[in-house]
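Each residue of the sequence shown is one higher than the one before, starting from 2 at the first, in the numbering used here. Structure first, then comments.
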Amino acid sequence: MNIREWPADERPREKLLQRGAAALSDAELLAVLLGSGVAGRNVVELARGLLVRFGGLRQFLEAPRSAVLGEPGLGPVKYAQLQALLETGRRYLHETIERAPALESPMAVKRYLKSMLRHEPSEVFGCLFLDSKHRPLAFEILFRGTIDRASVYPREVVRRSLVHNAAALIICHNHPSGSSEPSQDDVHLTMTLKRGLALIDVRVLDHLIIGEGEPLSMAEEGWISG
Numbered sequence: 002m003n004i005r006e007w008p009a010d011e012r013p014r015e016k017l018l019q020r021g022a023a024a025l026s027d028a029e030l031l032a033v034l035l036g037s038g039v040a041g042r043n044v045v046e047l048a049r050g051l052l053v054r055f056g057g058l059r060q061f062l063e064a065p066r067s068a069v070l071g072e073p074g075l076g077p078v079k080y081a082q083l084q085a086l087l088e089t090g091r092r093y094l095h096e097t098i099e100r101a102p103a104l105e106s107p108m109a110v111k112r113y114l115k116s117m118l119r120h121e122p123s124e125v126f127g128c129l130f131l132d133s134k135h136r137p138l139a140f141e142i143l144f145r146g147t148i149d150r151a152s153v154y155p156r157e158v159v160r161r162s163l164v165h166n167a168a169a170l171i172i173c174h175n176h177p178s179g180s181s182e183p184s185q186d187d188v189h190l191t192m193t194l195k196r197g198l199a200l201i202d203v204r205v206l207d208h209l210i211i212g213e214g215e216p217l218s219m220a221e222e223g224w225i226s227g
């Protein structure tokens with residue numbers, strides 16, 4: 002059935018305009034982004050099929066270019082539009098966190114850092130640099146590694162902290178495997194960075210590990226104190 006024949010309040014675009022984007026399902030949101038279907042399938046059916054094949058909305062949006070372009074009806078233009086959407090979301094969160102008066106919401110920090118790291122196919126290590134009132138100064142990914150390891154050099158973390166004149170920071174890294182449980186190396190690295198940065202009066206407030214679900218906070222788990 003052609004989507005134009007649906008009742009107006011059931012068409013994804015009209016439904017969004019009437020009730021807001023939050024009222025749409027994942028398939029309906031994707032249908033709005035895709036704009037049109039393919040021969041024999043309307044855009045909602047196309048979106049549903051993509052979500053089933055890729056395993057969900059995030060998996061589809063983060064899929065390799067070759068996999069997306071291999072789907073009927075998804076050419077370079079639509080792929081570029083989807084990538085632009087992802088980058089727009091990341092930049093929106095980046096500006097939101099940078100304009101925050103202070104880090105009063107740990108959940109907002111977790112969402113922000115997850116948005117910056119979760120899509121990475123290999124392990125990366127980053128720092129959110131803060132001033133003396135815990136206002137964000139900058140976020141940087143400092144090291145990139147392999148699927149399960151990234152070499153971190155404390156000297157470079159110290160150097161970047163001095164460049165930003167940071168008084169504190171939140172360190173983070175991702176686990177592409179999906180598990181957010183820290184390894185012994187993660188705990189050791191955290192303590193090493195904490196001791197090294199204390200020499201220049203920079204506090205390590207937390208170390209977040211980004212996997213599936215909610216990021217793990219080493220501070221909340223008791224591995225960082227003082």
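C-beta: ideal position from N, C-alpha, C; glycine also.
- The shortest C-alpha to C-alpha distance from G212 to any of M219, L129 and S178 is the one to S178.
- Here the alpha carbon of P183 sits roughly 7 Å from the alpha carbon of I210.
- Here the C-alpha atom of F55 lies approximately 9 Å from the C-alpha atom of L62.
- Taking 8 Å as the upper bound for CB-CB distance, V153 and F130 are not in contact here, some 16 Å apart.
- Following the DSSP letters along the chain, one finds A167 in no alpha helix (DSSP H), marked with neither H nor E.
- When E46, L206 and V159 are compared, the shortest CA-CA separation from H135 is found for L206.
- For G127, the enclosing beta strand (DSSP E) begins and ends at V125 to L131.
- Looking at the backbone, the Cα of L163 and that of C173 are separated by about 18 Å.
- Look at R112 here: in three-state DSSP terms it is helix.
- A straight line joining the alpha-carbon of V45 with that of E121 spans about 28 Å.
- D149 and S180 have their C-alpha atoms spaced approximately 11 Å apart.
- Residue state for H189 is assigned as helix, using DSSP reduced to three classes.
- In the three-state reduction of the DSSP assignment, S67 falls in the helix class.
- Counting every other CB atom within 10 Å of its CB across the protein chains shown gives P13 a total of 16 or more, marking it as buried.
- Bounds of the beta strand (DSSP E) holding R145 are P137 to R145.
- Cβ-Cβ distances below 8 Å link P216 to K111, L114, K115, C173, S181, L209 and I210 in the same chain, with the five nearest sequence neighbours on each side left out; the list follows chain order.
- The three-state reading of DSSP puts L209 in strand, counting E and B together.
- Annotation for A28: the continuous alpha helix (DSSP H) segment containing it runs D27 to L35.
- The closest CA to that of D132, considering only I225, A168, L30 and I142, is found on A168.
- Around L35, the same chain offers V44, L47, A48 and K79 as residues with beta carbons nearer than 7 Å, after the five sequence neighbours per side are excluded.
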